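Everything below concerns the one structure shown next.
Rendered as structure tokens:
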């Protein structure tokens with residue numbers, strides 16, 4: 208009778224054998240490789256795998272909540288404990304932190320093991336929720352955003368964790384189901400507006416909800432997720448943690464973190480705190496770009512045992528690098544869509560009812576839920592991932608064009624289009640994660656591969672959001688004077704009137720208080736001015752969506768330059784064996 212220790216040794220030996228067999232295989236024909244796996248292995252679901260999957264899904268939901276709830280409650284937070292000109296940094300700080308930690312934690316967990324990184328990320332995010340729930344000023348909320356972004360970036364590593372514990376042939380199904388189970392967090396905006404509209408605790412209630420959810424998710428993760436330990440990962444080389452720390456790529460880490468932070472700071476300064484041509488904007492953007500370029504040269508030519516960005520990955524041009532470009536452009540559509548639609552719907556279609564605002568905010572999550580079904584039942588079965596990406600990006604671009612025609616009387620068109628757009632934006636992103644994870648030679652790099660996808664998505668989203676915000680603001684400023692003149696001339700108010708500057712300023716602020724002190728103001732004039740504001744924003748959003756079409760074209764081109772997943776990679780082996788799951792030993796191969 209074998210002991211647990213002997214079973215572990217046997218599993219390790221099998222992993223090594225299969226790794227060597229996989230590395231030595233040079234066959235280009237899918238049919239040459241598939242029978243070896245299909246004849247010997249039948250993928251099966253174990254209860255350990257199922258519990259780990261649920262625990263990781265909870266972490267993913269917790270991560271999504273930290274993205275949706277702060278952005279949903281941002282205006283209320285500023286109204287409650289502000290006002291502050293820096294309130295937008297509550298969410299910007301999340302992006303800054305998450306874009307760095309998602310890749311760094313992915314790489315470090317490739318080396319040291321994932322369990323304690325995931326637990327650490329969950330704890331950090333929980334602290335961020337508590338800091339936010341007790342926030343007394345905007346600066347404290349910005350600190351909460353930094354902490355939440357740091358923890359959430361690590362939690363996003365769940366995309367890699369999920370893929371490595373299931374059979375390779377199940378990966379895209381698992382990612383689709385993973386996204387479907389995020390329906391809990393997709394209710395975040397509605398939950399937040401419900402607290403704001405129906406309770407005295409207001410926006411803090413949403414943060415209390417986040418805190419409780421993160422705590423429960425942390426407990427489940429602790430008991431259910433047991434990936435390979437440090438000792439298992441380094442059973443062959445026998446290296447200690449201290450040895451690995453000494454061999455870490457600290458220069459690469461500094462260049463990557465510094466480059467991302469400076470670049471994103473400059474992007475978010477532009478058009479807000481400072482004009483785009485100001486040195487406060489140009490200097491960090493240029494320095495950030497130069498740091499990232501220096502990172503590329505460092506990683507390519509330095510003699511590193513464990514490079515932060517392994518050059519061998521980027522040499523796989525179509526299987527890896529171009530897929531990252533798809534993630535980058537997809538982030539321009541995905542994250543910016545989450546910024547544009549809430550603002551557009553609240554300005555043009557919703558009334559003061561907070562529940563109605565919450566329902567409109569749920570249109571994007573509804574489309575994302577539909578996309579999960581598309582991924583599971585269509586994408587995972589069709590194959591030909593390259594052409595699926597091309598088809599989805601063409602549809603996205605067409606739908607963006609449709610949104611450019613939306614007006615005040617086009618509520619139904621806007622709702623239908625945004626749901627359809629959301630349902631087509633997500634599947635390419637999910638397919639990209641699987642294409643990246645199965646497109647690399649060594650599955651021990653899966654953390655950095657999927658982590659980079661997250662970083663590229665966030666960087667793309669940050670750039671697009673800055674571009675869209677600038678286009679909207681400039682478009683509104685250009686249109687408001689003409690629309691205001693057309694609507695107010697019936698009341699005898701023209702650009703020659705002494706009150707004209709006050710009306711322009713009030714229209715830009717678009718609040719009841721802004722109109723209050725204008726001489727001779729009446730409700731009819733306020734209504735006419737409010738209509739002019741909506742008309743100006745219709746024009747501004749139309750221009751913005753026309754600009755977004757250019758990003759859609761970029762996505763189509765990038766998608767066409769990728770390559771579909773090699774059929775040889777879609778076998779029934781797994782990247783890793785859960786430490787507490789011995790059911791697959793010794794009958795099932797574990798493929799690294």
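In the numbering used here, the protein residues as written are 208 to 799.
Glycine residues also receive a C-beta, built at the ideal position from the N, C-alpha and C atoms.
Quantities reported herein were computed from a predicted structural model and do not represent experimental measurements.
Through-space distance from residue j to residue i, alpha-carbon basis
i, j, result
"residue 786", "residue 570", "40 Å"
"residue 449", "residue 318", "12 Å"
"residue 788", "residue 483", "55 Å"
"residue 631", "residue 599", "6 Å"
"residue 242", "residue 656", "Any reading at residue 242 must be qualified, since the residue scores a pLDDT of 44, below 50, and its modelled position is unreliable; the value itself is stated next. Near 28 Å, if we compare the C-alpha coordinates of residue 656 and residue 242."
"residue 368", "residue 674", "33 Å"
"residue 801", "residue 539", "In the structure as shown, the chain begins at 208 and stops at 799. Residue 801 is therefore absent and cannot be evaluated."
"residue 664", "residue 558", "33 Å"
"residue 806", "residue 784", "Nothing can be reported for residue 806, as the shown portion of the chain is limited to 208 through 799."
"residue 697", "residue 464", "57 Å"
"residue 627", "residue 439", "45 Å"
"residue 481", "residue 491", "12 Å"
"residue 475", "residue 498", "18 Å"
"residue 493", "residue 256", "46 Å"
"residue 254", "residue 261", "10 Å"
"residue 709", "residue 681", "19 Å"
"residue 550", "residue 726", "30 Å"
"residue 689", "residue 703", "13 Å"
Beta-carbon proximity of residue i to residue j, cut-off 9 Å
i, j, result
"residue 277", "residue 348", "yes"
"residue 269", "residue 431", "no"
"residue 590", "residue 771", "yes"
"residue 351", "residue 297", "yes"
"residue 273", "residue 358", "yes"
"residue 866", "residue 413", "Because residue 866 is not part of the residues shown, which for the chain are 208 to 799, the question remains open."
"residue 650", "residue 512", "no"
"residue 275", "residue 392", "yes"
"residue 451", "residue 303", "no"
"residue 724", "residue 740", "no"
"residue 329", "residue 252", "no"
"residue 299", "residue 345", "no"
"residue 661", "residue 310", "yes"
"residue 737", "residue 314", "no"
"residue 312", "residue 360", "yes"
"residue 666", "residue 470", "yes"
"residue 520", "residue 652", "yes"
"residue 647", "residue 523", "yes"
"residue 370", "residue 640", "yes"
"residue 748", "residue 555", "yes"
"residue 541", "residue 633", "yes"
"residue 568", "residue 397", "yes"
Beta bridge counterpart(s) of residue i as assigned by DSSP
i, result
"residue 522", "DSSP, once it has assigned bridges, lists no residue as partnering residue 522."
"residue 481", "477"
"residue 388", "According to DSSP, residue 388 bridges with nothing at all."
"residue 539", "Note: residue 539 sits in no beta bridge, so no partner."
"residue 513", "455"
is_contact[residue i, chain C] using C-beta, thresh 9 Å
i, result
"residue 416", "In summary, chain C is missing from the structure at hand, where a single protein chain is found."
Sequence-distant residues of the same chain with beta carbon closer than 6 Å to residue i, five excluded per side
i, result
"residue 478", "677"
"residue 404", "561 and 562"
"residue 365", "263, 266 and 267"
"residue 722", "713, 728 and 733"
"residue 624", "606, 609 and 610"
"residue 761", "536"
"residue 467", "306 and 307"
"residue 546", "672"
"residue 394", "none"
"residue 399", "276, 279, 280 and 413"
"residue 807", "The question about residue 807 has no answer, for the chain in this structure spans 208 to 799."
"residue 406", "412"
Proximal residues to residue i (C-beta, below 7 Å), its chain only, five neighbours per side dropped
i, result
"residue 250", "374, 376, 377 and 779"
"residue 459", "502, 505, 506, 514, 515 and 516"
"residue 596", "533, 635, 638, 766 and 769"
"residue 529", "765, 768 and 769"
"residue 239", "Bear in mind that a pLDDT of 40 at residue 239, under 50, signals an unreliable position, so the model cannot answer this."
"residue 592", "638, 642, 771 and 772"
"residue 288", "342, 343, 344 and 345"
"residue 353", "300 and 304"
Sequence-distant residues of its chain with Cβ nearer than 8 Å to residue i (five each side left out)
i, result
"residue 701", "692, 695 and 707"
"residue 436", "320, 322 and 786"
"residue 333", "358, 418, 421, 422 and 425"
Integer Cβ distance of residue i from residue j, believed to fall under 8 Å
i, j, result
"residue 583", "residue 380", "6 Å"
"residue 751", "residue 679", "5 Å"
"residue 745", "residue 615", "6 Å"
"residue 386", "residue 579", "4 Å"
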